[in-house]
Amino acid sequence: MGLENSGQPISLDSDSKQIKELIEIYKGASRGIKVNVLKEKMKILRFADDEFKITFMLFVIGAVLCSQGGIYVSSSYLHVLKNVTVIHTMNWAGWCFKLLINGIKQFKSLGQGGVTGCVLFLQTDDIIKKFTKWLQQ
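Numbering (our numbering), first residue to last: 94 to 230.
Right, dumping it as structure tokens:
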């Protein structure tokens, strides 16, 4: 897909007190932040400021890159996104691939109805061949 697997590793483990204000801004609940709330928020934001960048990234993470098949995106991503100046330095390719592998493992072992994670990786021929081989083992 042309994504470079390099950069700072992504860690969602941190004190939630550090992002309390952001959780309130994005109306986060115990299950996370609703993707529809992010969609509506993007419609009313007028400038490509830090708030827009965080909102956009949360939406992309929840809807495309790290989709868990639900209507929520984890509030824990705010730990990574709170400093917008370093978002581009993070290893998003590695993180998304890791989540996809975990989603496939859960699908295979738990018999879930679908695969979670960035299924866009599965649309490239070389990845499909690797996954097919792995799933047959």
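Don't be surprised by glycine CBs; every beta carbon is placed ideally from N, CA and C.
Three or more beta-carbon pairs separated by less than 8 Å are not found between the region 193-209 and the region 135-154, which leaves the two stretches without contact. Ser168 places its beta carbon 9 Å or farther from that of Gly100. Selection Leu203, Trp188 and Asp142 evaluated against Val212 yields Trp188 as nearest (Cα-Cα).
Residue state for Tyr119 is assigned as coil, using DSSP reduced to three classes.
As summarised for the region 101-169, the continuous alpha helix (DSSP H) elements at least 4 residues long and confined to that stretch are 113-118, 128-137 and 143-153, given in chain order.
In chain order, Gln101 place their CB closer than 8 Å to the CB of Val179, counting only its own chain and leaving out the 5 sequence neighbours on each side.
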